[in-house]
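Taking it in order: structure first as C-alpha cells, then the write-up.
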Amino acid sequence: MIRKFRFSATHTEPAAPSAGDVTLRARELTVLRDKRPILDGVELEVVAGEVLALVGPNGAGKSTLLAALAGDLPAHTGRVELDGLPLADWSTSEMSRRRAVLPQQHRLGFGFTVHEVVQMGRAPWARTDRGRDDERAVAEAMKICDIEGFTQRSFATLSGGEQARVALARVLAQDTPTIMLDEPTAALDLHHQETVMQIAAERAASGVGVVVVLHDLGLAAAYADKIAVLSGGRIATYGRPDEVLTAELLTDVYRHPVEVLQHPETGRQLILPLRPGSIF
Ligand code: ADP
Ligand code: MG
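Numbering of the sequence shown is given in this note's numbering, commencing with residue 9 and proceeding in unit increments.
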C-alpha cells in the first residue's frame with residue numbers, strides 16, 4: 009500500500025487513514041500483568057469504516073487488549089501499530105489526535121462539570137488549526153450523547169449511566185480517526201445502549217475505525233461489522249457476526265449452553281442463553 013506522508017517538525021507522520029485502511033494492528037501481541045501472560049500471540053486489525061466488537065468472558069483479556077492497543081500497557085513480545093507506525097514512534101500528543109479511548113472505569117472528571125469533562129476531549133487539538141472546531145465538536149458530542157440537559161452539573165453527582173454518556177461524549181469530541189470503547193453500554197438503559205451503538209455505527213460509516221468491547225452479544229450481532237471472540241488471552245475466532253456467533257462456539261467459550269436463532273425478517277442472530285425450563 010502506498011502511504012502519503014506529511015512533514016512535521018521532527019519526523020514524518022502518516023496521512024490520516026481512509027476507509028478500508030487498517031488503523032490499529034496487533035501483531036503477535038503478548039502482554040504480561042504481574043509477570044503473568046494475559047494476552048498470548050494476539051493478531052487483530054481495526055479497519056477505518058468498520059465496527060469491530062471484542063467479546064468474551066470476564067477475565068478473557070478484553071480490557072488488557074484495549075489498553076495495549078492504546079499504548080497504555082507495554083507489549084512483552086510482538087507489537088501494536090497505529091496508522092502503520094509502531095506505537096513507540098508516536099508522541100503522546102500525536103497519538104491522542106489519532107485515537108480516543110473510553111476506559112472501562114471513568115476516573116476522570118470528578119471535580120469538574122459535565123461541560124468541562126467533554127471539553128477535555130479537545131485538549132489534543134490545542135494550538136493546532138483544528139482548535140477552531142472545539143466549540144462545534146463539544147456541542148455536537150453533547151447533543152448525540154443526550155447530555156445537553158445537564159452540562160453545568162458536577163460530573164460526580166451524575167448517575168452511573170449519565171457519567172458513562174458524558175465519558176463517551178468526551179471521546180467523540182476528541183474527533184479522532186480511531187475510537188476505542190471499553191464496555192460503553194454497560195451502565196446504560198436499553199434506549200441509550202441502542203443509541204450508543206448507533207453512534208458507533210454512524211462514526212464507522214463516516215470512515216472512523218471503531219473497536220468496542222461488548223458483553224451483549226445481541227448488540228454485537230446487530231451493530232458490528234466484525235467480531236473477535238477473546239478467550240483465555242487468545243482470539244478464539246474472528247469474522248463477520250454470522251460467521252462467528254454460532255451456538256457451538258458460544259457454548260464452548262462461555263461454558264454455558266446457548267441457542268442462536270435468526271430474526272425472521274432481518275436474519276440477524278438472536279442469542280439466547282438456555283435456562284432451566286421453569287424460568288422461560
Ligand atoms: P476482561 O476485560 O476481558 O474482563 P481484563 O483484561 O480486565 O479482562 O483481565 C484479564 C486478566 O488480567 C484477568 O485475569 C485479570 O484478573 C488480570 N488483570 C487485570 N488487571 C490486572 C492488573 N492490574 N494486575 C494483574 N492482573 C490483572
Ligand atoms: Mg474489561
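Note that CB positions come from ideal geometry on N, CA and C, so glycine has one too. Every value quoted in this text rests on a predicted model; they were computed, and no experiment measured them.
Going by other Cβ atoms of all chains shown within 10 Å of its Cβ, with 16 needed for buried, is residue i buried or exposed?
i      : result
Phe163 : buried
Gln113 : exposed
Glu143 : exposed
Ala206 : Correcting the residue identity first, residue 206 is Gln in this sequence and not Ala. Counting Cβ neighbours within 10 Å, Gln206 comes out exposed, since fewer than 16 surround it.
Thr100 : exposed
Pro284 : exposed
Gln270 : exposed
Pro132 : buried
Phe13  : Note on Phe13: pLDDT 47, under 50, position unreliable in the model; no value is reported.
Ser16  : For Ser16, the predicted structure reports a pLDDT of 48, less than 50, and the residue's modelled location is therefore unreliable. The matter cannot be settled from this model.
His123 : buried
Lys324 : In the structure as shown, the chain starts at 9 and stops at 288, and residue 324 therefore has no counterpart that could be examined.
Glu210 : exposed
Arg115 : exposed
Arg135 : exposed
Ala172 : buried
Going along the chain, which residues of its own chain have a beta-carbon closer than 7 Å to the beta-carbon of residue i, five neighbours each way excluded?
i      : result
Ala236 : Leu52, Leu60, Leu62, Ile243 and Tyr246
Gly64  : Lys70, Val237, Leu238, Ser239 and Val261
Pro45  : Thr38 and Gly241
Ala75  : Leu81
Met9   : Here the model assigns Met9 a pLDDT of 47, short of 50, so the residue's position is not dependable, and the following value carries that caveat. Excluding positions up to five away in sequence, the list is empty.
Apart from the five residues just before and just after residue i, which ones in its own chain have a Cβ nearer than 6 Å to its Cβ?
i      : result
Ala56  : Pro25, Ala27, Asp29, Thr31, Gly215 and Gly217
Glu89  : Arg33
Gln160 : Thr121
Asp183 : Ala145
Ala68  : Leu238 and Ser239
Leaving out the 5 sequence neighbours to the left and right, which residues in its chain are closer than 8 Å to residue i when beta-carbon positions are compared?
i      : result
Gln338 : Outside the shown range of the chain, which is 9 to 288, sits residue 338, and nothing can be said about it.
Gly139 : Arg130 and Trp133
Leu282 : His264, Pro265, Val266 and Glu267
Ala208 : Val59, Ile187, Leu189, Pro192, Val218, Val220 and Tyr231
Ser104 : Ala131, Pro132, Gln182 and Thr184
Arg248 : Asp233, Lys234 and Ile235
What do you reckon, is the C-beta of residue i under 8 Å from a heavy atom of the ligand FAD?
i     : result
Ala68 : Looking at this structure, you won't find the ligand FAD anywhere; what it does contain is the ligand ADP and the ligand MG.
* Only counting runs of 3 or more residues, tell me where the beta strand (DSSP E) segments fall wholly within the region 228 to 261, in order along the chain. => 234 to 239 and 242 to 247
* **Any heavy atom of the ligand MG nearer than 7 Å to the CB - residues listed** => Lys70, Ser71, Gln112, Asp190, Glu191 and Val221
* Pairing CB atoms from the region 72 to 91 with CB atoms from the region 36 to 45, are three or more of them under 8 Å? -> yes
* **Within the region 79 to 132, ranges of the alpha helix (DSSP H) (whole runs, at least 4 residues)** => 100 to 106 and 122 to 128
* To do: Quick one: which unbroken beta strand (DSSP E) runs of 3-plus residues sit fully inside the region 134 to 216? Chain order, please.
  => 186 to 190
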